[in-house]
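K.L.:
One structure, pasted below without further comment.
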Amino acid sequence: MSKLDRESQLLEVARELILEDGMVSFKFADIGKRAKVSRATL
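With UniProt numbering, the residue at position 17 of the sequence shown is 17, and numbering never jumps.
What follows is the structure in structure tokens.
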């Protein structure tokens, strides 16, 4: 996956999580879990 594709994927996952759980409950660790990437990638 290209860097641009990975960035787009992570932004989409973040958007989904914010819509589902709200900004207050938003956690970067949740992005990694859902996108199946390590915290280092984030």
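Using N, Cα and C, we set each Cβ at its ideal position, and we do this for glycine too.
Between which two residues does the alpha helix (DSSP H) containing V13 stretch?
P.N.:
Element bounds for V13: 3-21.
K.L.:
Alpha carbon to alpha carbon, what distance is there between D5 and I31?
P.N.:
One C-alpha to the other measures close to 15 Å.
K.L.:
R39 to L11, Cα distance in whole Å?
P.N.:
C-alpha separation (whole angstroms): 14 Å.
K.L.:
Quick one: what does DSSP say A29 is sitting in, helix, strand or coil?
P.N.:
Residue state, collapsed to three classes: helix.
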